[in-house]
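Residue numbers (my numbering): 28 to 652. Every residue, glycine too, gets a C-beta built ideally from N, C-alpha and C. Here the structure comes first, spelled out in structure tokens, and everything after it is commentary.
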């Protein structure tokens, strides 16, 4: 040993840390390259900052860059930066101790987590020490920007390190990782290049791998929006979103409070889930100071925004944090709220600015907005503004907003009404909209299985309750004009005694099928309709839940009895009142057929074989007469 070489024992906590890193944390070994590049980038940034005020910095002419060289024969990986460098004392302090966190609690937590086989590399600030996951021996050659003599730090990670004075070094730091036998692929260009492009593609300094710059795409989200062209945005979207077309929408924003955030989000043109590609992975990546810390992050946006592509970068996030820690991190929860609300605000503004363009978005991605409205109470107010449905006063095929509906409401109307059906024609031909048409009350048409769940979960919009038109307790009241009509039509409907008699008989005859039989106040022409005693469960919702139960092998379920409303003005009902007195058996068949017809109009299941057989029986009787 020469006089210029000194040997040091690692700090006790550092020894334990190295043991854990080397023996336990192998699950994300690739990250050691990210950690070393991140450290190199920090060193370059520090030098750039210091050199702004320095009169004559050492090696001031040397370009700021990171170079990586590989030697497959010697099984080495070398990362060099031209940053601020380290003096002898800095090498000893920075690489021989755990900076800012050398506590027994810290090591106990790390050891326990490692035993549980949790992927933690980075979470506890292992940083540089990650190199020992892949290296048998690590050499660090560094020379400080102050021009003092350079030194080499060497260790095999087992308990000690040596520092030797080294002549001829340039400013910056060179780390040589002598790779283990099972880590030799880190000396191959394809492996290292793929890791750089995954984790470090947006480092603000050139990364040269075997003399070729690898990180050629700019971190566009860090630049001023006014300086970025549409072409640059589109090219970045194609890179980050693995796309070939241009995005439908883009949102580029920065925030200082409550967190420092730079975000660049894109809405694609296509929804690949409906194209049969299965459930999409989240498309937004989380960065900290341009270094990737969570690819396809499930933590920074709600699941229903998984169709978005892009980048969220927050300097307030700790760089060394694992995916497991992200799930429970309070900063991440705050970040998610800020970004989600900002994107929803942007969509609301875009919808007002260009409704036609928004309707194209709605046609493609509306299912995700509906998913959010049914599953995420926190953002329901914003999501309600983004919902679009056809209505009795909209053009066919052109949905409208709930806000548009509210603007058209009458002064005395305090409820938003909706009804489900398989198509617009089916809904308009059904019994539920008759009184709405007569009163000129707008009614929303829900034509997708999820729609009733969406509106039921939403509950209200701008203080107006959302109510399904198939509720048994729906009361539209009676206008003065309708009251006069009722007096004039008194001879056209069953008298009260006959009506009461028919209702009592129907309750008895259909006791197995219905919960109650009621004289309708809202049917205009149709003989009868099915309504739901449960004000919160529409027929559509029950149908979806029953199908879901059947799919899971739990039986159809959804056997709650409905109420039957009858129209005493309808010719069929009036004749049924006479028929039940003259031929009770045949009248029972007719009553069951009326019930089945009403069930079908409500979109509910009936036994087709029984219904068809009964139908032929009724037809035979009618033809016989």
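Cβ shell of residue i (< 8 angstroms), same chain only, five flanking positions each side left out
i	result
residue 69	110
residue 644	616
residue 534	541, 543, 544
residue 363	326, 327, 328, 329
residue 219	60, 95, 97, 104, 213, 236
residue 31	191, 192
Own chain residues within Cβ distance below 7 angstroms of residue i, not counting five before or after
i	result
residue 295	268, 270, 274, 275, 334, 336
residue 442	491, 492, 494
residue 161	56, 59, 204, 206, 207, 210, 213
residue 623	633, 638
residue 551	461, 462, 465
residue 53	Caution applies to residue 53, whose pLDDT of 42 falls short of 50 and renders its modelled position unreliable; the value that the coordinates give is listed next. So the list reads 160, once near-sequence residues are dropped.
residue 648	613
residue 651	none
residue 252	279
Local Cβ density within 10 Å of residue i, reported as buried at 16 or more and exposed below that
i	result
residue 82	exposed
residue 120	exposed
residue 144	Only weak support is given to the placement of residue 144: the predicted model assigns it a pLDDT of 42, under 50, and the value that follows is read from those uncertain coordinates. Exposed, by the Cβ-count rule.
residue 37	buried
residue 398	buried
residue 605	exposed
residue 312	buried
residue 304	exposed
residue 639	exposed
residue 460	buried
residue 217	exposed
residue 602	exposed
residue 628	buried
residue 147	Unreliable positioning characterises residue 147 in this predicted model, as indicated by a pLDDT of 40, which lies under 50. The coordinate reading is nonetheless provided below. Buried, because 16 or more other Cβ atoms sit within 10 Å of the Cβ of residue 147.
residue 469	buried
residue 98	exposed
residue 594	buried
residue 393	buried
residue 149	Residue placement at residue 149 is flagged as unreliable, the pLDDT there being 38, under the threshold of 50; a coordinate-derived value is accordingly withheld.
Those residues which DSSP pairs with residue i across a bridge
i	result
residue 97	104
residue 178	169, 192
residue 339	290, 313
residue 249	According to DSSP, which records beta bridges pairwise, residue 249 is partnered with nothing at all.
residue 307	Per DSSP, none; premise fails for residue 307.
residue 321	313
residue 281	289
residue 276	294
residue 202	106, 167
residue 543	590
residue 243	Looking at the DSSP assignment, residue 243 forms no beta bridge with any residue, so it has no partner.
residue 36	187
residue 555	593
residue 162	206
residue 495	445
residue 235	94, 240
Same chain, Cβ closer than 6 angstroms to residue i, neighbours up to 5 away in sequence not counted
i	result
residue 12	Any property of residue 12 remains undetermined from this structure, which presents the chain solely from 28 to 652.
residue 448	454
residue 626	557, 633
residue 130	In this prediction, residue 130 has a pLDDT of 44, which is less than 50 and means its spatial position is unreliable; what the coordinates show is noted afterwards. Hits under 6 angstroms: none found.
residue 592	545, 547, 556, 558
residue 181	166, 189
residue 635	none
Beta carbon of residue i nearer than 9 angstroms to that of residue j
i	j	result
residue 177	residue 196	yes
residue 555	residue 600	yes
residue 343	residue 286	yes
residue 60	residue 237	no
residue 10	residue 526	Residue 10 cannot be examined here, being either before or after the span of the chain that is shown, 28 to 652.
residue 445	residue 472	yes
residue 230	residue 104	no
residue 33	residue 107	no
residue 26	residue 418	Since the first residue of the chain shown is 28 and the last is 652, residue 26 is not available in this structure.
residue 389	residue 415	yes
residue 187	residue 63	no
residue 244	residue 233	no
residue 226	residue 375	no
residue 247	residue 263	yes
residue 74	residue 164	no
residue 224	residue 242	yes
is_contact[residue i, chain D] using C-beta, thresh 9 angstroms
i	result
residue 310	Any reference to chain D falls outside this structure, which holds one protein chain only.
Taking only runs of the alpha helix (DSSP H) that begin and end inside the stretch 414 to 489, which ones reach a length of at least 4 residues, in chain order?
429 to 435, 451 to 456, 461 to 466, 478 to 485
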